[in-house]
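*Asks:*
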Amino acid sequence: MTARRAVVLRGLAMLLAVWLLALSTLVSAAPPRDPLPGPDSTSGELPGVDDEGGEGVLDPLTLEQQREIAFADHLGRAKRAMQQRRWQEAINEYTAALDIHDGDPESLRGRAHVHKRATLQGRCPRLAIEDLTLLEVYDPRGLWLSERENAVAWMGECADVYAKERLDIAEELAALEVGEVGRPDDIRFIAAELRAAEAELAPLEQQQHRHLEAAVAHLDAYRRECRAREVIPKLAALELEGELHRRLDQPQQAVAVYERILAMHPDELEAVRQAKKWIDELQIQLAVAEIQELQGGKPTPEAEAAYNRGLEALRRRDLRAALRELEFAVEDSPWYPRAHYYLGEVYARNENLPAAIESFKRAIAMERYDYATHMALGLLYKKEFSGAEDEQARTHLDMALRLRPDLHVLHFHLGELYTRSDKQKAIEHFRDYLEYGDPDDPQRDAAREAIAALEREVEEHVPFVPPPLPSNVGRLDPELHRLISEAYVLGAEHGEWDRAETLLLKAREKFPHDTALLNMLAQVVYVQEGRQGQARVYWDESLGVDPDQMEVHERLGLMLADSAKGRSHLRRAADLGSVIARFRLAKLLWDNLELWAASEQLDLYLTEAGPYDVYWDSAQELRAHMDSVFLKVYLAIALGSLVLLSIPLGLIWRRVRGSSLPQLLERSPSCFPEVARILSLIRHEILKHNTAFLSDVGRALELDEPDAEARATLLARRLFGDDDTNSDSDPHRGERRGIYGRFLNYVAELEHVARAHDVTLNLRRKDPTFKAMLKAFDDVAGMAKWLRHPGGLRANKKLELAKVLLRAGDVLGRRAFDRLSDVIRSLCIARVDPEFIALVYEEVATEDKFDAVQISPLTIEGEGEQVRIFPTDLHDILANVLRNSLMSSAMYAQPPLGLGVELATEVDDITGLSTLAIRIKDRSPERLTNEMLRGRYVERGMGITADLLSRYDGSIAVEPEAGWEKAVVLRFFALDEDAVTGSETPAPVSGAIPAAATAAS
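Mature numbering (1 follows the signal peptide of the UniProt record, and there is no 0) puts the sequence shown at residues -29 to -1, 1 to 972.
1) Please state whether DSSP places Glu214 in a helix, a strand or coil.
2) Give every residue of the same chain whose Cβ lies closer than 8 Å to the Cβ of Gln920, excluding the five residues on either side of it in the sequence, and list them in chain order.
3) Can you tell me whether Asn851 is buried or exposed? The criterion is at least 16 other CB atoms within 10 Å of its CB, across all chains shown.
4) On a CA-only basis, which of Leu857, His189, Ala68 is nearest Leu215? Give me that one, please.
5) Within its chain, find whatever has a CB closer than 7 Å to the CB of Leu650; leave out the 5 residues flanking it on each side and keep chain order.
6) Scan the stretch 652 to 684 and note each continuous alpha helix (DSSP H) run of 4 residues or more that stays entirely inside, going in chain order.
7) Which of the three DSSP states is assigned to Leu219 in this structure?
8) Excluding sequence positions up to five away, which residues of its chain have a Cβ less than 6 Å from the Cβ of Leu348?
9) For Arg890 versus Glu932, is the C-beta spacing smaller than 8 Å?
10) Cα separation between Gln224 and Lys205?
11) Please name the residue, chosen from Val85, Leu34, His180, Tyr605, that lies closest to Ile71 on a Cα-to-Cα basis.
12) By how many angstroms is the C-alpha of Ala532 removed from the C-alpha of His400?
13) Should Val496 be labelled buried (16 or more other beta-carbon atoms within 10 Å of its own) or exposed?
14) Under 8 Å by Cβ, that's how I've got Ala595 and Val550 pegged, so tell me the actual separation to the nearest angstrom.
15) Just list the residues that DSSP pairs Gly871 with in beta bridges.
16) Counting only runs of 4+ residues fully inside the stretch 736 to 778, write out the alpha helix (DSSP H) ranges in chain order.
17) Determine the DSSP secondary structure at Val433, reduced to helix, strand or coil.
18) Is the beta carbon of Val498 closer than 8 Å to that of Pro376?
19) Identify every run of the alpha helix (DSSP H) within the stretch 288 to 346, keeping only runs that are complete inside it and at least 4 residues long; order them along the chain.
20) Buried or exposed: where does Asn279 fall if 16 or more other Cβ atoms within 10 Å of its Cβ makes it buried?
21) If I follow the unbroken alpha helix (DSSP H) through Phe788, where does it start and stop?
22) What three-state label does DSSP hand Gln837 in the structure shown?
23) Assign Ala493 to one of two classes, buried (16 or more other C-beta atoms within 10 Å of its C-beta) or exposed (fewer than that).
24) In this structure, how does DSSP classify Ser456 when only helix, strand and coil are distinguished?
25) Would you mind stating whether Trp125 and Pro155 have Cβ atoms separated by less than 8 Å?
26) In the DSSP assignment, find the alpha helix (DSSP H) that holds residue 985 and state where it starts and stops.
27) Measuring only the C-alpha atoms, how far is Gly835 from Leu845?
28) Quick check on Pro761: buried or exposed, where buried means 16 or more other Cβ atoms within 10 Å of its Cβ?
29) Give a yes or no on whether the C-beta atoms belonging to Tyr717 and Ile653 are separated by under 8 Å.
30) Taking the beta strand (DSSP E) that Phe944 belongs to, which residues open and close that run?
31) Only counting the same chain, and skipping five residues up and downstream in sequence, which positions put a Cβ closer than 8 Å to that of Glu164?
32) How is Ser926 classed by DSSP in three states: helix, strand or coil?
33) Can you tell me which of the three DSSP states Glu450 falls into?
34) If you pair each beta-carbon of the stretch 543 to 561 with each one of the stretch 517 to 524, do three or more pairs fall below 8 Å?
35) Answer yes if the stretch 818 to 829 comes into contact with the stretch 862 to 871, meaning at least three C-beta pairs across the two stretches below 8 Å, and no otherwise.
36) Measure the Cβ-Cβ separation of Arg119 and Ile140 and say whether it is below 8 Å.
Here it is as structure tokens:
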């Protein structure tokens, strides 16, 4: 129940109580206890009482008269007390009057006003409001009508206690005709404020919207009433109306309200400032909304396929096929801005200029921030209309430059255009071109001449650099697209790049990996002075999400053009279709004397680009320059070829002869143990325990740690031995000691092993692993003096030394170690299978000593396993055991002689390890025991067999065998699947060990 309804019900209850009291008085006819004398009485006696003081019977009419006299007396006293500002006395008298005539409107109004005046400033006049609202009960068509205005005003002093009652009364007053009694002039404004307050408390969005619309309707009516009365609306009312339109997402109406504030209240400086601020903000919202309205649908798959075919045909300069495919693409999907752009290119190359212009304009209408379309259309206007369309050309090239401020050649074209209309701007553009453009661009001389000619007519001014704009965004999440568009308008059209960045960073919290958002962030920070590095960070992060972004690669390539990274970005952008990147790559390659690569890229540019590309004219001049240089180069090459033919072929052979380590292992499997031993020494002594310090010292030098120099000196002594200043005969003799010298000795030992097997190694040039290791050691050795005495080095040389150490540490400490480990593992793995057993048996059975013996074919059972042993040692072990079994059978068994071999895999129940058992079975009755094998009593090479088995944790035993006399069992630990996979796949740099070598000799 609301407060107002409670007051009304309280009044009705009081009225009922008074009526019941009067009824009981009439029934009992009891006289009043202390009746008051009338105002005209001078005797001091009360009427109805005899002079003798006795009681008498009072007439009812006389009693009513006495009450009226008493009521009038209290009312008069209350008014006098009120005039004399005796508030409490006035309240008491009005209360006494109301006790006589409860609900008397005049008394209620009087007491209400006294309560109001007695209330302290800033306090809620609750008692006054309660008395005043009782008038709605006792005198709804009388005094209440004139006091509603006061009720609205007093309730406003009580915050939101009477908000609902106040709103109801205000809207009742607002519904009255203008000028009626009790209707304030600004009641519409008051009702709007109350409606807006109700909207804040509404729990549902629909209710909020309804309250806000009602408030706007009140304010609109208020403005009409002010216009009819020819008065200016209150500033607060206009400010509230603007706020309500903003809350209702009505930026156009809000702008109109704030423009009224500027016109009607120009002297209110703060209000004017706020109005201008909101107009700027709302204009941004309108621009963003306009951008969002231009977003079209996604092309159909058929249109995309036709677009791709058309683009490919255009790059082949097949204009007829390109025209056919692109026209189909835009017909199938009319909202296809890129297809319209390339269709315009085709029309322009076919010299159909009206159709080209129309296609370009359609593309711009769909993607208003596409720099390539603006650039193409601007150059078309510039080149083909002989000055008649210079204004259009300037408009589009200006927009292209704002979108791509890193395309400095646009300054030259704009300078030429402004020469005919605004000479000062022409000078500014030419100067910007000279300042930021390529230092060897052939058009620089023309720019200087133009500046000199223009300066004769125009006084020099400071050049202006137009702010760049972000590039267009694609079809995105609607909320993200709105934020990006708003940031674009903030930065590009209002220059508030910091606000644009703040907005985008906030959006990134919700869209952390969106490429359009990251690219927009990069462009916003790129235009801010000194923040190009942060722009690169955003672009790199964007490429991490989507590596196939042509424009991002292009912009990074232009930013980092002087580095290998920049050229890599330009190359990728060119592969993705950027003709700008293609020309810039050709120019960079030419400047770096990569002549043929530059010529190839320029030819591709001339094939892919058209006469309306920004670098087309520069490309024509560069092509002519290349042709003249190539003519000289070809003549020089022809002369040099004659000289080269006279160089002895032996020098070439010396460089290319020799083999790599994988080739040595393939040709001579018997060298596996020696090679594995040397490689293990290199890996353990050189790489594992010594070269790990390279990276640590390099990092210490790079960070300039306190003990970096001492650590560098210690590393030099460890790598190259003590400093020998007396080595005049060989200045590098000192560097060939220490770890470096031991490494070279191991390399020489490898070459010696190779020569023993009739192979010449060329590890420095033919073997990728040792080539990298030798190169790393040589680089460090070349800076041995710096490493021995780092204290006297400058900062740049110390940093250069640190980089060399870090590179060497990476090569020697990680890559070489892993590659050598792979080679070593691959050398000592052998596959024991029926083919291998049969091969060894055939070699043994065909020896001369068995020529006169009749030998049956070998029977082999099982599939076999891989074991960790050098194939040559496994070959020797099997050959010795097979040979002894055949010899024993030849001496004691009946012919024909025969052996059997079973390959069985045994699994230990406790450890779970697998063992390969090679069971060599024979029919010889000769006695053979385990003690004889282990004690090496058996001759014919079994001692060597026992030694070889002990190296690889193998075992040999004699066991009974059903169907045979006995079986000599060789056992090896089998390799699990992970070990097999890691061992059978050597490092790609070292080369693979051939299958024949790892299986058998």
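Don't be surprised by glycine CBs; every beta carbon is placed ideally from N, CA and C.
*Replies:* The relevant details are as follows:
1) helix
2) Reading off the sequence, residue 920 comes out as Leu, not Gln. Counting only Cβ-Cβ distances below 8 Å, and skipping sequence neighbours, we find Ile848, Ser926, Ile927, Leu941.
3) buried
4) When each option's Cα is compared against that of Leu215, the closest is His189.
5) Leu791, Val794, Ile795
6) Fully enclosed alpha helix (DSSP H) runs of 4 or longer: 663 to 674.
7) coil
8) Result list for Leu348: Phe331, His367, in chain order.
9) yes
10) Whole-angstrom Cα-Cα distance: 18 Å.
11) Just measuring C-alpha positions, the residue of Val85, Leu34, His180, Tyr605 sitting nearest Ile71 is Leu34.
12) 23 Å
13) It counts as buried.
14) About 19 Å; that fails the 8 Å criterion.
15) Thr830, Lys892
16) Entirely contained in the stretch 736 to 778, the alpha helix (DSSP H) runs reaching 4 residues are, in chain order, 739 to 753, 755 to 759.
17) With a pLDDT of 38 at Val433, under the threshold of 50, the predicted position of this residue should be treated as unreliable, and no value is reported.
18) yes
19) Within the stretch 288 to 346, the complete alpha helix (DSSP H) runs of at least 4 residues are 290 to 303, 308 to 320, 324 to 337.
20) Classification of Asn279: exposed, given that the 10 Å Cβ count is below 16.
21) 787 to 798
22) strand
23) buried
24) helix
25) no
26) Nothing in the structure corresponds to residue 985, since the chain is present only between -29 and 972.
27) 14 Å
28) buried
29) yes
30) 937 to 944
31) Contacts found: Ala186, Leu211.
32) strand
33) Glu450 falls in the helix class under three-state DSSP.
34) Yes, the stretch 543 to 561 touches the stretch 517 to 524.
35) yes
36) yes
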